[in-house]
Every structure is written in structure tokens, then in C-alpha cells.
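Enquirer: 1 is the number of the first residue of the sequence shown in the working numbering; add one for each residue after it.
Sharing a structure below in C-alpha cells format, with a few things to ask.
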Amino acid sequence: MRLLATKKISLSLKDRLIQHGFSVVEQPFIKIEPLAINIDSAKDHLIFTSQNAVKIAFSNAHIRPLLEGKKYYCVGEKTKSILEENGQKVIKMAQNSAKLVDFLKKIPKNEKFSFFCGKLRRPEIEDFFKDNQISFNIFEIYNTVLTPKLIEAHFDGILFFSPSAVSSFFKSNSWNSQTQGFCIGKTTASALKNFTPNYSTAKEANETQLFLSIYNYYTQHHAEK
């Protein structure tokens, strides 16, 4: 089975797929561009909804000292892992922004937050803060640039990791009815369902569950033939 990954995937996921008989082609459909930004201070509570935001913030020699010793809230297991690799303690990790908001509702409304993110992002967190008159500021530290490419070869499965990559893919490609999509999470799946009903979603937004989604689909698919 031939798989197309719409971003560079970890070596561990790629090796695991190959060991189970899949061939994998990696073709990124988006690129991340850090933005120049001046940050003088950060609030006590910090929110990161993507691993890109963490990588950019902690690789910035000016920003990093402002982030030490804060309380962290994030979306995604990989985001949490990178925060911990940088020596930070994560109070709460949620699978998506909506679930993180459910947790933030439990925090006293007089607390103050800084939200580190890209220019393209889900609205739930900002809407929650605005609706509840909670003090917060936003630091847009990167931009997501679509890099669409025409894919002429046939792939049995296509792996998507973000709504932006879905948008980029369909700028230059249509969907082959013989192809199955595999989404890292529900937000990405919500974008893909606008183009095809043929997709599976990982039970949790991590590579292990994405692999199981792929493996289980093709195991069942072959059993039915």
C-alpha cells in the first residue's frame, strides 16, 4: 500500500509503517514561517495550541527567558512533549481547543493568560476569553503558508495533519475515490469531510493512534475482499 504524508513525519512512524508493508512518500503541503515580534513580558498562564508555536518561542533567545516558570496549557501530546523537553510543566493537555476551553472554565476569571499561536488558528480559545471578559493577550509568532503541489501518482492512502494541509492539497488536486484519507484529529477531519467521505480519524491526536487507524483500516479492508 502506497501512502502519501502531507508533511514530514517522525522517523519512528515512518519506520513502523514500512515494517508493516507500507511505502511512504513525504510531501509537505504547508510551510511555517516565524514572524518577527517584540514581547516584553508574558502573563502567568501560557497557552500553546501547536508544536510549531512552542519550537519557535523556545528557540528565540529574547522570548525564552520570559517563559520560564509559568503555568502551561496546550493542545496535543506532541506539543506537551516539546514543552516538557524545554523544562516546562504542563498543567493541562487537551486533544483540541474546545476541550481545552472546557478546562479553562474551571480557572478563576481574574487570572491572566498569554496565547502563543500562528495567524491561522481555531477561534474557541479567544472567543471564550472575550465572552467571559478574561484578561489575555495574543502573540502571533508564525504564519502558515500553503504550498500546493499537483500529485500525479496514485496513492492508496493520504495522511493529513492539519486543516491547512487539507486546503493546500485540494488547491491542486481532486480526490480519487479509491483513496482513503487518514486524519490526525477531529479538526483536520472536519476539513477533509468537505471534500470526501472516505477518511478515518485517529482516536486521539497522536502518531500511535494514527498508525493504528491506518493499520486497522487496511487489515479490515483486505479481510473483506
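Where a beta carbon is used, it is the ideal one built from N, C-alpha and C, also for glycine.
#1: For the beta strand (DSSP E) that contains Glu140, what are its first and last residues?
#2: Should Thr219 go down as buried or exposed, given a rule of 16 or more other Cβ atoms within 10 Å for buried?
#3: At what residues does the alpha helix (DSSP H) containing Gln180 begin and finish?
#4: Work out the CA separation of Phe129 and Pro28 for me, nearest whole Å.
#5: Quick check: Ile32 and Asn52, are their CB atoms within less than 7 Å of each other?
#6: If you drop the 5 nearest sequence neighbours on each side, which residues of the same chain put their C-beta closer than 6 Å to that of Arg2?
#7: On the DSSP letters alone, give me the boundaries of the alpha helix (DSSP H) that Glu26 sits inside.
#8: Mapping DSSP to helix, strand and coil, what is Ser226?
#9: According to DSSP, what are the bridge partners of Met93?
#10: Considering only their Cβ atoms, is the gap separating Thr188 from Ser172 smaller than 7 Å?
#11: Identify which residue in Phe115, Glu26 and Lys149 has its Cα closest to the Cα of Ile134.
#12: Does the beta-carbon of Ile184 have 16 or more other beta-carbons within 10 angstroms, so that it is buried, or is it exposed?
#13: Could you name the residues of the same chain whose beta carbon sits closer than 7 Å to that of Glu124, not counting the 5 residues immediately before and after it, in chain order?
#14: Please state whether DSSP places Leu150 in a helix, a strand or coil.
#15: One question on the structure: do Thr196 and Ser164 come within less than 7 Å of each other, judged by their Cβ atoms?
#16: For my contact list, His45 and Lys112 are in at a C-beta cut-off of 8 Å; report their separation, rounded to the angstrom.
Expert: Result, derived from the coordinates:
#1: Along the sequence shown, one-based indexing puts residue 140 at 140. Unbroken beta strand (DSSP E) run through Glu140: Phe136 to Leu146.
#2: Locating residue 219 in the sequence shown gives position 219, counting from the first residue. In summary, Thr219 is exposed, with fewer than 16 beta-carbon neighbours lying within 10 Å of its beta-carbon over all protein chains present.
#3: What you label residue 180 is simply residue 180 of the sequence shown in a count that begins at 1. Premise fails: Gln180 lies in the beta strand (DSSP E), Gln180 to Cys183, not in any alpha helix (DSSP H).
#4: For the purposes of this step, residue 28 is identified with residue 28 of the sequence shown, where counting begins at 1. For the purposes of this step, residue 129 is identified with residue 129 of the sequence shown, where counting begins at 1. A direct Cα-Cα distance of roughly 33 Å separates Pro28 from Phe129.
#5: What you label residue 32 is simply residue 32 of the sequence shown in a count that begins at 1. What you label residue 52 is simply residue 52 of the sequence shown in a count that begins at 1. In terms of Cβ geometry, Ile32 and Asn52 form a close pair [threshold 7 Å].
#6: Taking the first residue of the sequence shown as 1, we reach residue 2 at position 2. So the qualifying residues of the chain are Ser23, Phe155 and Asp156.
#7: Numbered from its first residue, the sequence shown carries residue 26 at position 26. Where Glu26 is concerned, there is no enclosing alpha helix (DSSP H), although the beta strand (DSSP E) it sits in stretches over Ser23 to Glu26.
#8: Because residue 226 is not part of the residues shown, which for the chain are 1 to 225, the question remains open.
#9: Numbered from its first residue, the sequence shown carries residue 93 at position 93. Its beta-bridge partners are Cys74.
#10: For the purposes of this step, residue 172 is taken as residue 172 along the sequence shown, with counting starting at 1. For the purposes of this step, residue 188 is taken as residue 188 along the sequence shown, with counting starting at 1. No; because the gap between Cβ atoms is not below 7 Å, this pair is not in contact.
#11: The sequence position of residue 134 within the sequence shown is 134, counting from 1. Closest option to Ile134, judged by alpha-carbon separation, among Phe115, Glu26 and Lys149: Phe115.
#12: In the sequence shown, the residue the question calls residue 184 occupies position 184. Buried, because 16 or more other Cβ atoms sit within 10 Å of the Cβ of Ile184.
#13: The residue given as residue 124 occupies position 124 in the sequence shown. The answer, listed in chain order, is Ser97, Ala98 and Val101.
#14: Taking the sequence shown and counting its residues from 1, the one referred to as residue 150 is at position 150. If DSSP states are grouped into helix, strand and coil, Leu150 belongs with coil.
#15: As a working note, residue 196 is residue 196 in the sequence shown. As a working note, residue 164 is residue 164 in the sequence shown. In this structure, the beta-carbon distance from Thr196 to Ser164 does not fall below 7 Å.
#16: Translated into the one-based positions of the sequence shown, residue 45 becomes position 45. Translated into the one-based positions of the sequence shown, residue 112 becomes position 112. With a contact defined as Cβ atoms closer than 8 Å, His45 and Lys112 qualify at about 7 Å.
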